[in-house]
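I have placed the structure first, in the form of structure tokens, so that the comments after it can refer back to it.
Here's what the structure looks like:
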């Protein structure tokens, strides 16, 4: 989950377990330009649920998204957003982005807003775009005919609003290739 903001400054979202036996797990951001780490946010409570899937920093460096290993509405379930304080680099809980940990990615919308795009679970087969600033959600592909598994990449920083979606059905697996 280490990623870099588009300007290369608020650069690294880190997870640290200083002592593998202590069970202390923290999340922090690092400013490459100023060689400064933000204060660590204790996320050790996630181990009781299922653990951390990935953290990622938004393209602007203003937000961090954390996808947890378990689905649900709890603190360490689904996908959460955190604000990054630009001067202290401290992380503050902002909102629950999605109750699922389906595959998703951070990107930039056509208007320049930081977004999270996620594949919804279940038979709808939709991708949902969520603005990190206000949590508003928009279905971006209603009616796309695909079967089950998908992957999205919204890292098209030179083409804001674009994302790459690939998919295949469970029946064919990878034997028929990606469509």
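Numbering (our numbering), first residue to last: 123 to 301. Virtual Cβ for every residue (Gly too), placed ideally from N, Cα, C.
Distance between residue j and residue i (C-alpha atoms, nearest Å)
| i | j | result |
| --- | --- | --- |
| residue 193 | residue 223 | 6 Å |
| residue 233 | residue 163 | 31 Å |
| residue 218 | residue 125 | 20 Å |
| residue 286 | residue 128 | 18 Å |
| residue 143 | residue 241 | Here the model assigns residue 143 a pLDDT of 48, short of 50, so the residue's position is not dependable, and the following value carries that caveat. Those two C-alpha atoms are separated by around 35 Å. |
| residue 231 | residue 281 | 9 Å |
| residue 260 | residue 147 | 33 Å |
| residue 186 | residue 263 | 25 Å |
| residue 159 | residue 283 | 31 Å |
With 16 other Cβ atoms within 10 Å as the buried cut-off, status of residue i
| i | result |
| --- | --- |
| residue 345 | Any question about residue 345 goes unanswered here, given that the chain covers just 123 to 301. |
| residue 202 | buried |
| residue 130 | exposed |
| residue 229 | buried |
| residue 300 | Note that residue 300 has pLDDT 49, beneath the 50 cutoff, so the model's placement of it is unreliable and no number is given. |
8 Å contact criterion, which residue i and residue j should meet: CB distance rounded
| i | j | result |
| --- | --- | --- |
| residue 175 | residue 189 | 4 Å |
| residue 220 | residue 196 | With a Cβ gap of about 13 Å, residue 220 and residue 196 do not count as contacting. |
| residue 239 | residue 227 | 6 Å |
Option nearest residue i by Cα separation, candidates the options
| i | options | result |
| --- | --- | --- |
| residue 216 | 253, 287, 242 and 240 | 253 |
| residue 182 | 208, 261 and 167 | 208 |
| residue 279 | 262, 236, 152 and 154 | 236 |
| residue 211 | 153, 178 and 227 | 153 |
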